[in-house]
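Data first, discussion second: the structure below is written as structure tokens.
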Amino acid sequence: MKSTSLWQLFWTFFKIGAFTFGGGWSLIAVMEEEVVVRRKWATPDDMLEMLIISESTPGVIAVNMATSIGYRQRGFWGALVATMGVVVPSFVIISALSFGLEALAQNKWYQAVFYGIQVGAIVLILNAFLKLFKQLEKNASNLIVMVVALSVSLFTNVNVVFVIIAGAVFGILVNCVFNKNKRLPAEAVGEATKKEDE
Amino acid sequence: MQFLLLFWEYFQIGLFTIGGGYAMLPMVQQVVERNGWMTQAELIGFVGIAESTPGPFAVNLATFVGMEVGKATSMGVFGGILGAFVATFAVVLPSFVVILIVTKLFIKFKENKYVNGAMSGIKPVVVGLILSAVLTIAFAVVFPKLQFDSINAEGFSEFRYVSLIMFAVLFVISRIKFGKKRIHPILIVVLSAVMGVVAFGFFNLPR
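Listed in order, the protein sequences are those of chains A and B. All the letters of the first sequence, read from the start, carry residue numbers 1188 to 1385 under the working numbering. All the letters of the second sequence, read from the start, carry residue numbers -10 to 196 under the working numbering.
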């Protein structure tokens, strides 16, 4: 694990920051591919845990993910270079463009590119969802919680944070209070992914 | 001192908004209005551009707002770049510190049964939230008039079938396996840009 160089971390996140459009979720889809599939820096389960931490702490999710992955790889400096990697492309591009940006946004070809990329972003996020859904243990409680979270976030204006807190409380109640002797689903999921890796 | 104010305002935005970049938007609106940095119309224009440039949306927006505030000072273009740097740094700093602490604690308490219990409860929530993101964005692109909190026939009146066909083609391509690997997501982004140029640029198709 220690063999990851700081440069590698920076470069990986720089690419993610430079080539991904359309908000946090599509960045996360690309991170999943780079970090789990290509570089094997984290297991799918680690990735989901970091995603949970990033969602439930302040700040921009994609930046939080970079910080968290960098920290796990190389400690403080890893966190710093990964965060810089994902932020620097935005900073440079926006600064460079900001002088002629309003004109650019009206340009027909630029709009054509953007409309296309919007569609591409849906594909990326859908694939990220499919990957995570495959990992999730399909028992009744997980599926119900998933559908409830989906409905609340889709049809109401309730802040996502409260949905996450409710999920945490539910998880503690089910796993620690009512079912003291039962094996934790989290462990079972961990084992399932280990088997898949082999 | 405009730059200190910019730092302080964006530091608070970074610290107090949970749930990602779009959750920051209302607070950004308040801040630019309160300080008279720009009109709401200007900000909305920026939001559109921040969405259509690479990188996390909220970071793009912070860079933008900082650039505008900096350019308005006596320092001109140099002030703009300094302002962009200050706002970007300020919005990232609080979460950077929080994430370091939380990740460290999480690794330490990973085996704790309450932490584990909470995590196993949040996992399906996050999967549901991602599905919600997929549906929200997909419907915004294909049926731009549809609103999930009041679904009616009016919502389906504009149907962007070209986008839907592009989506289906890209999705199938993204699922093809070459050996053990699928096409890299960045390639899908590039491909979608090319398809956009061909469909909406050369052939002038409606979206």
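Glycine included, each C-beta is placed from N, C-alpha and C at the ideal position.
What three-state label does DSSP hand residue i in the structure shown?
i, result
"I132 (chain B)", "The sequence given here has Phe at residue 132 (chain B), not Ile. In the structure shown, F132 (chain B) sits in coil (DSSP, three-state: anything other than H, G, I, E or B)."
"F1208 (chain A)", "coil"
"R171 (chain B)", "strand"
"K99 (chain B)", "coil"
"K1382 (chain A)", "Reliability fails at K1382 (chain A), whose pLDDT of 45 lies under 50, so the model's placement of it is uncertain and the value that follows must be treated cautiously. It is helical."
"K1227 (chain A)", "coil"
"I7 (chain B)", "strand"
"K1325 (chain A)", "coil"
Is any beta-carbon of chain B found at less than 9 Å from that of residue i?
i, result
"W1212 (chain A)", "yes"
"V1222 (chain A)", "no"
"L1196 (chain A)", "no"
"R1216 (chain A)", "Note on residue identity: the sequence assigns Ala, not Arg, to residue 1216 (chain A). True, the Cβ-Cβ gap to chain B drops below 9 Å."
"A1379 (chain A)", "With a pLDDT of only 45 at A1379 (chain A), under the threshold of 50, the placement of this residue in the model should not be trusted, and no figure is reported."
"R1259 (chain A)", "yes"
"T1230 (chain A)", "no"
"L1193 (chain A)", "no"
"R1225 (chain A)", "yes"
"T1207 (chain A)", "yes"
"T1270 (chain A)", "yes"
"M1188 (chain A)", "Reliability fails at M1188 (chain A), whose pLDDT of 47 lies under 50, so the model's placement of it is uncertain and no value is given."
"A1266 (chain A)", "yes"
"A1290 (chain A)", "no"
"L1323 (chain A)", "yes"
Have a look at the options and flag the residue whose alpha-carbon is nearest the alpha-carbon of residue i.
i, options, result
"W1296 (chain A)", "B:G10, B:K169 and B:M184", "B:M184"
"V104 (chain B)", "A:A1327, A:V1361 and A:I1248", "A:V1361"
"S1338 (chain A)", "B:E147, B:F189 and B:S121", "B:S121"
"M13 (chain B)", "A:F1201, A:V1222 and A:T1244", "A:T1244"
"F213 (chain B)", "A:L1341, A:A1315 and A:N1314", "Any question about residue 213 (chain B) goes unanswered here, given that chain B covers just -10 to 196."
"W1264 (chain A)", "A:N1251, A:F1197, A:D1232 and A:A1336", "A:F1197"
"Q32 (chain B)", "B:T42, B:E40, B:V21 and B:S41", "Contrary to the premise, residue 32 (chain B) reads as Leu rather than Gln in this sequence. The shortest Cα separation from L32 (chain B) among B:T42, B:E40, B:V21 and B:S41 belongs to B:V21."
"P83 (chain B)", "B:V158, B:Y(-1) and B:R164", "B:Y(-1)"
"I1359 (chain A)", "A:S1328, A:V1334 and A:N1346", "A:S1328"
"A76 (chain B)", "B:S181, B:Q(-9), B:F167 and B:R196", "B:Q(-9)"
"L50 (chain B)", "B:P15, B:G68 and B:A61", "B:P15"
"L1235 (chain A)", "B:S41, B:K169 and B:M108", "B:M108"
"Y1302 (chain A)", "B:E100, B:L194 and B:I162", "B:L194"
So which residues on chain A does residue i lean against when the C-beta distance must stay under 7 Å?
i, result
"R196 (chain B)", "Y1302"
"I111 (chain B)", "I1239, I1351, G1354, A1355 and G1358"
"F156 (chain B)", "V1306, I1309 and V1310"
"A122 (chain B)", "W1212 and I1312"
Report yes or no: is there a C-beta of chain A within less than 9 Å of the C-beta of residue i?
i, result
"K93 (chain B)", "yes"
"S181 (chain B)", "yes"
"H173 (chain B)", "yes"
"N105 (chain B)", "yes"
"I119 (chain B)", "yes"
"R23 (chain B)", "no"
"V116 (chain B)", "yes"
"F148 (chain B)", "no"
"K170 (chain B)", "yes"
"S63 (chain B)", "no"
"N49 (chain B)", "yes"
"G68 (chain B)", "no"
"T28 (chain B)", "no"
"M16 (chain B)", "no"
"A79 (chain B)", "no"
If the cut is a Cβ gap below 8 Å, which residues of chain B does residue i touch?
i, result
"W1276 (chain A)", "Sequence check: residue 1276 (chain A) is Pro here, not Trp. The answer, in chain order, is P43 and G44."
"F1263 (chain A)", "L89"
"G1204 (chain A)", "P43, G44 and P45"
"M1234 (chain A)", "Neighbours of M1234 (chain A) on chain B: none; closest Cβ ~11 Å, over 8 Å."
Which residues in chain A have a C-beta closer than 9 Å to the C-beta of residue i? List them in chain order.
i, result
"K97 (chain B)", "The contacting residues do not exist; K97 (chain B) stays about 13 Å from chain A at best."
"P83 (chain B)", "P1245 and G1246"
"G185 (chain B)", "Q1298, A1299, V1300, F1301, Y1302, G1303, I1304, Q1305, V1306 and G1307"
"T125 (chain B)", "S1340 and L1341"
Run down chain B in chain order and give the residues with a C-beta less than 7 Å from the C-beta of residue i.
i, result
"A1249 (chain A)", "P45"
"A1386 (chain A)", "The structure shown does not extend to residue 1386 (chain A), since chain A spans only 1188 to 1385, so no value can be given for it."
"V1345 (chain A)", "Neighbours of V1345 (chain A) on chain B: none; closest Cβ ~11 Å, over 7 Å."
"F1200 (chain A)", "In chain order: nothing, as chain B lies at least about 11 Å away."
Using a cut-off of 8 Å between C-beta atoms, extract the partners of residue i located in chain A.
i, result
"M56 (chain B)", "I1281, S1282 and S1285"
"F145 (chain B)", "Within 8 Å Cβ-Cβ: nothing; F145 (chain B) doesn't reach chain A, min ~17 Å."
"I177 (chain B)", "G1307, V1310 and L1311"
"V130 (chain B)", "Q1305, V1306 and I1309"
What residues of chain B sit near residue i, judged by a beta carbon separation below 9 Å?
i, result
"A1336 (chain A)", "P113, V114, V115, V116, G117, L118, L120 and S121"
"N1294 (chain A)", "Within 9 Å Cβ-Cβ: nothing; N1294 (chain A) doesn't reach chain B, min ~10 Å."
Length-filtered (4 minimum) alpha helix (DSSP H) runs lying within the segment 1339 to 1365 of chain A: 1347 to 1359, all fully within the segment 1339 to 1365 of chain A.
Runs of alpha helix (DSSP H) lying entirely within the segment 1244 to 1285 of chain A, each at least 4 residues, in chain order: 1248 to 1284, all fully within the segment 1244 to 1285 of chain A.
Runs of alpha helix (DSSP H) lying entirely within the segment 25 to 89 of chain B, each at least 4 residues, in chain order: Scanning the segment 25 to 89 of chain B for uninterrupted alpha helix (DSSP H) segments of 4 residues or longer gives 29 to 40 and 46 to 60, listed from N- to C-terminal end.
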